[in-house]
Amino acid sequence: MLIVKTFHDVPSKLDNGRPIRIFVVSPVVPNYPQAKFPGVVCFSEIYQVTGPVERFAGQIASQGYVVACPSSYHEFEGPEAIPYDTEGTDRGNRYKIEKDVTAYDEDATLSVDLLVSLSNCNGRIAATGMCLGGHLAFRAAFDPRVLSSVCFFATDVHSATLGKGKNDNSLARVLKGDMTGKGELVMIFGKQDTHVPREGRDLIRKTLEDARVPCSFLEVQAQHAFIRDESSKGRWDAALTRSLFTFMMEVFDRTVGRDLGPKVDKGEQVEHVC
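Quick note on the UniProt record's numbering: the sequence shown kicks off at 1 and runs consecutively.
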């Protein structure tokens with residue numbers, strides 16, 4: 001499916017009106033100008049919307065989804081991608097813990113708001129992201145409008161160290177029940193990922209299971225950033241990435257790719273029409 005790219009500058013209420021740039025990648029079906037598609041918020045790494053993130057979003061869009069990619073560090077600089085070098089890594093990691101968690105949440109809300117307002121989006125929303133973006137996709141699952149989230153090697157969830165003060169409440173909110181009864185979650189980690197050790201993965205899994213969150217938990221033979229096709233320091237695994245991309249699309253197709261009508265409790269009678 002063909003795709004087109006554009007962007008929207010959306011004012012932030014928490015940043016004195018300074019806008020966040022949200023890049024949008026949309027599918028196009030020739031001769032069907034009024035076609036509508038489900039939406040996906042795609043959260044980036046600490047380097048903002050880089051080439052690998054844009055290509056990842058483009059692959060999702062080409063499957064028939066409108067994809068919104070927010071620039072996470074609009075409080076500190078413009079929407080340009082941060083280089084994959086030592087200075088860029090240091091800058092991105094510094095911003096990560098200078099930005100307030102409520103500001104990250106506002107970015108997610110504004111991104112979902114934008115998607116549902118677009119004439120080519122049908123209002124059914126999913127989320128994904130990698131590294132920092134994996135954690136942001138995790139938190140996006142608190143929004144009842146987000147029907148599924150697929151999180152690639154989400155950092156800082158187990159340690160609760162996201163944002164200003166390095167004291168986020170992601171797992172605490174899960175334990176409180178803020179994610180229970182909402183969308184479906186997928187957590188994907190590499191077993192060789194030094195950012196999220198085994199103990200951290202076990203904590204995340206246990207917390208989600210204890211809270212009865214519908215979650216698939218995948219641990220694969222890979223390192224951190226294994227889906228990044230640029231400057232991955234020898235960690236990119238294209239075959240594994242392709243396999244997990246297919247898994248992600250099955251989740252999206254099942255949860256937001258079809259309008260299933262209203263959800264009913266298991267105990268209610270459902271009339272089946274053949």
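Built from N, CA and C at the ideal position, the CB exists for glycine as well.
Check whether residue i and residue j have beta carbons under 9 angstroms apart
{"i": "Val41", "j": "Gly177", "result": "no"}
{"i": "Ala211", "j": "Met179", "result": "yes"}
{"i": "Ile204", "j": "Thr161", "result": "no"}
{"i": "Val112", "j": "Gly58", "result": "no"}
{"i": "Gln34", "j": "Ala81", "result": "no"}
{"i": "Asp229", "j": "Thr241", "result": "yes"}
{"i": "Val116", "j": "Ala61", "result": "no"}
Contact set for residue i: own chain, Cβ-Cβ below 6 angstroms, skip 5 residues either direction
{"i": "His195", "result": "Thr155, His224"}
{"i": "Gly200", "result": "His158"}
{"i": "Ala127", "result": "Val41, Ala137, Ala140, Val146, Ser149"}
{"i": "Asp15", "result": "Glu75"}
{"i": "Gly92", "result": "Ile46, Tyr47, Ile82"}
{"i": "Leu208", "result": "Cys215"}
{"i": "Ala103", "result": "Leu14"}
{"i": "Arg235", "result": "Gln223, Ala225, Phe226"}
When the options are compared against residue i, the one with the closest alpha-carbon
{"i": "Val150", "options": "Val256, Gln34, Pro33", "result": "Val256"}
{"i": "Lys5", "options": "Val28, Thr246, Arg201, Ala239", "result": "Val28"}
{"i": "Pro83", "options": "Ala35, Leu240, Gln59, Ile46", "result": "Ile46"}
{"i": "Leu185", "options": "Glu98, Asp229, Arg254, Ala238", "result": "Arg254"}
{"i": "Asn31", "options": "Thr207, Leu2, Asp15, Leu115", "result": "Leu2"}
{"i": "Phe252", "options": "Gln48, Ile97, Glu54, Phe37", "result": "Phe37"}
{"i": "Thr246", "options": "Phe56, Lys99, Pro262, Gly92", "result": "Phe56"}
{"i": "Phe142", "options": "Val116, Lys182, His135, Leu132", "result": "Lys182"}
{"i": "Tyr95", "options": "Leu132, Lys206, Ser117, Ala61", "result": "Leu132"}
{"i": "Leu114", "options": "Ala103, Ala61, Phe23", "result": "Phe23"}
{"i": "Ser232", "options": "Val25, Phe43, Pro52, His8", "result": "Pro52"}
{"i": "Val101", "options": "Asp237, Ser170, Ala238, Thr89", "result": "Ser170"}
{"i": "Gly134", "options": "Ala238, Phe43, Trp236, Val264", "result": "Phe43"}
{"i": "Asp85", "options": "Lys206, Thr50, Glu209", "result": "Thr50"}
Close Cβ partners of residue i (< 7 angstroms) along its chain, the five nearest in sequence each way excluded
{"i": "Asp193", "result": "Phe153, Gln223, His224"}
{"i": "Val213", "result": "Val174, Met179, Thr180, Leu185"}
{"i": "residue 284", "result": "Any property of residue 284 remains undetermined from this structure, which presents the chain solely from 1 to 274."}
{"i": "Phe7", "result": "Arg21, Ile22, Phe23, Val24"}
{"i": "Met249", "result": "Gln63"}
{"i": "Ala172", "result": "none"}
{"i": "Asp237", "result": "Ala222, Phe226"}
{"i": "Asp202", "result": "none"}
{"i": "Pro144", "result": "Lys182"}
Chain-order list of residues whose beta-carbon lies under 8 angstroms from that of residue i (same chain, five-residue window excluded)
{"i": "Arg198", "result": "Lys191"}
{"i": "Leu244", "result": "Phe152, Ile188, Leu218, Val220, Ile227"}
{"i": "Arg18", "result": "Pro11, Ser12, His74, Glu75"}
{"i": "Lys99", "result": "Ser72, Tyr73, Glu75, Phe76, Gly163, Lys164"}
CB contact below 9 angstroms: residue i versus chain D
{"i": "Lys13", "result": "Included in the structure is just one protein chain, with no chain D present."}
May I ask you to verify whether the region 62-73 touches the region 117-133, counting CB pairs closer than 8 angstroms and requiring at least 3?
yes
Does the region 166-173 come close enough to the region 74-87 that 3 or more CB-CB pairs lie under 8 angstroms?
no
Report the residue ranges of all alpha helix (DSSP H) runs contained in full by the region 38-96; include only those spanning at least 4 residues, in chain order.
51-61
Considering only residues of the region 130-199, which uninterrupted alpha helix (DSSP H) runs meet the minimum length of 4 residues and lie entirely inside it, listed in chain order?
132-140, 170-176
Report the start-end ranges of each alpha helix (DSSP H) in the region 205-264 that is 4 residues or longer and not cut off at the edges.
238-255
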